[in-house]
Amino acid sequence: WLTYVAITTYGYLSLVLSRAGLSLVDILTGSEQFRQLFVGADGYVAPIGERMVALAGVALSLIGLPIGLYHFWHKFCHSAAAWLLAFGAVSYFAMLPLRLSSASWETGNRASVYFYLGLAFVLALAADRLWADSQRVMTKYVTPMFGSGIAFALIFTIIFAGGVIAGRQPQLRLAQPFVIDAGETLIETQGVSAARWMQETVGANHTIVSDEVNGRLMLAQAEQAGYVGRFPYVREILRTPSFTPLQLGVMQEWDLEYAVVDRREIAWDNSAGYFFDRVDDQGKTTAEWSDPLVYGKFDRQPLVSRIMDTGEVVIYDVVDLVDIARRAANDENLPAELVSKLMAGNEITPEIVQDLLKQGAISQETVQEMIESGKLNPSQIDPALLPAGIDLPQIESSQK
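Take a look at the structure:
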């Protein structure tokens, strides 16, 4: 089937698996750091109790593996299906090291779902063998205190709970609100609304650049052709505060028409970013927003037009920007006005930072970092708006 019908599957899988393998090599060679276990992309840290249950589940599964494989070898070694399941059981543990790398974590997590079918088969064989031997082993050590049935139930509960904890954050372990029933009206998430608007108003088959979540919604519901999420240069275009010649060159190569910008950080999480955000006691969203210098990048470019804004998701028309950038790259003699517009938005000016400070849209820590890195001259900012501890005379003397 893969060879004659779905030949493109090889290319897709080889890219994913090679990326995961290279990530592990980078860790072993020291060029990449270990991913911190039990810490989500949004900063969530699992409680110590959940960590203990997850690790105990892996340990119990590992203990049961050789027992189940021994039982498999003696009773099912002539079954091709059993061999396939046994291979899956061993492969499950081979996938666990992939969770140590940020680049390969998702690959390991997804592969574990399928390989766990084989592990479940082997663990069932182990349980069958231990249950049959309970008169010789379990009765002596466990039955007097708990009973073998309770012991088995406890072990498999820990294994099951550990798999759930290791696979998903708490907010994703149960169904999340994707559509809200408000009487006779169904309210959809802003990402879905933006995708439907795009399909109905702009039409299908346009080239877009987007984050993980909205990119998938645009592809599935708006029939757009896009560069999404972890595709090369997508993050550089959407996650930096200014345009660079490299970014403009990539946008020309793609013939980019629209940019979809979600102001929430969770939009880059293709597991949790599709749903309605949680709210606090005051009814305000708890979702973390991106740096305003980043999500305001396209608004600062006069050749870009904002054509749709839901509050969280904004769609920009970048056709004019790409066209002017292409003409400039072809050494066309452009009017001074167009050159000025093309260069606008390519740097963060003190005026922009001051406006953001007045609006409370930029943190004092971000301003402090910009000053310390030399990206911002604080002498051009109202001193009353500057972070505490900024010594203007000292900074001015060091710049002379």
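Every number in this note's numbering is 9 more than the matching position in the sequence shown, counting from 1. For glycine and all other residues, C-beta sits at the position ideal for the given N, C-alpha and C.
Would residue i be called buried (16 or more neighbouring beta carbons within 10 Å of its own) or exposed?
i	result
Pro392	exposed
Asp271	buried
Asp220	buried
Tyr325	buried
Pro186	exposed
Val122	exposed
Ile390	buried
Ala213	exposed
Tyr13	exposed
Ala229	exposed
Asp96	The question names Asp, yet the displayed sequence has Phe at residue 96. Counting Cβ neighbours within 10 Å, Phe96 comes out exposed, since fewer than 16 surround it.
Phe240	exposed
Ser388	exposed
Could you tell me the boundaries of the alpha helix (DSSP H) in which residue i lies?
i	result
Thr18	17-38
Ile390	Counting along the chain, Ile390 falls outside any alpha helix (DSSP H), and DSSP gives it neither H nor E.
Gly73	57-84
Met262	At residue 262 the sequence reads Glu, which differs from the Met that was named. 254-263 is the span of the alpha helix (DSSP H), which, as asked, contains Glu262.
Ser100	89-104
Leu107	No alpha helix (DSSP H) holds Leu107; DSSP gives it neither H nor E.
Gly117	114-141
Lys433	One cannot answer for residue 433 here, as it falls past the ends of the chain, which runs 10 to 409.
Pro301	301-304
Gln373	373-381
Leu247	243-247
In the DSSP assignment, what are the bridge partners of residue i?
i	result
Thr294	Val288
Ser219	Val237
Glu197	Val188
Ser314	Asp326
Val54	Val48
To the nearest angstrom, how far is the alpha carbon of residue i from that of residue j?
i	j	result
Pro179	Met379	36 Å
Met154	Phe161	Caution is warranted here: a pLDDT of 47 is assigned to Met154, below 50, making its placement in the model unreliable, and no coordinate value can be reported.
Trp298	Asp318	15 Å
Ala334	Ala234	22 Å
Glu41	Val54	21 Å
Arg273	Met260	23 Å
Leu257	Leu394	33 Å
Leu265	Asp190	36 Å
His215	Val328	11 Å
Gly383	Ser251	16 Å
Val34	Arg28	10 Å
Ala353	Gly305	13 Å
Gly20	Lys367	51 Å
Ala175	Ala133	21 Å
Glu341	Gln310	20 Å
Phe102	Ile57	23 Å
Asn223	Glu346	34 Å
Met227	Ser23	25 Å
Arg225	Tyr236	10 Å
Leu11	Gln291	53 Å
Ile76	Trp82	10 Å
Ala15	Ile168	35 Å
Thr249	Pro344	28 Å
Gly192	Val288	21 Å
Arg138	Ala89	21 Å
Phe47	Leu107	14 Å
Trp206	Leu312	22 Å
Ala63	Ser372	37 Å
Leu351	Asp278	32 Å
Glu360	Ala112	38 Å
Thr166	Ile159	10 Å
Residue i: which of the options sits nearest, CA to CA?
i	options	result
Trp263	Leu109, Val218, Val323	Val218
Ala397	Leu385, Val376, Gly383, Gln389	Val376
Leu255	Gln45, Tyr242, Asp326	Tyr242
Ser349	Arg287, Leu330, Glu245, Ala63	Leu330
Leu26	Val62, Asp290, Asn118	Asn118
Asp300	Leu247, Pro186, Gln261, Glu341	Leu247
Arg182	Arg336, Ala281, Tyr236	Ala281
Ser202	Leu385, Leu351, Gly320, Glu245	Gly320
Ala276	Gly238, Val173, Leu312	Gly238
Ala128	Ala103, Thr294, Tyr21, Leu94	Just to set this straight, residue 128 is Leu in the shown sequence, not Ala. It is Leu94.
Phe43	Leu64, Leu109, Trp82	Leu109
Tyr125	Leu71, Cys86, His83, Met207	Leu71
Val173	Asp308, Arg287, Ala65	Ala65
Arg60	Val188, Ala170, Ser314	Ala170
Asp163	Glu360, Arg315, Leu69	Per the sequence shown, the amino acid found at residue 163 is Leu instead of Asp. Out of Glu360, Arg315, Leu69, Leu69 has the C-alpha closest to the C-alpha of Leu163.
His80	Val67, Gly200, Ala135, Gln208	Ala135
Tyr267	Thr253, Val322, Thr198	Val322
Val211	Glu197, Glu232, Leu195	Glu232
Which residue comes first and which comes last in the beta strand (DSSP E) that contains residue i?
i	result
Ala268	267-271
Can we count residue i as close to the ligand SAM, meaning its CB is less than 7 Å from some heavy atom?
i	result
Leu139	Summarising the ligand content, the structure contains no ligands, and the ligand SAM is consequently not present.
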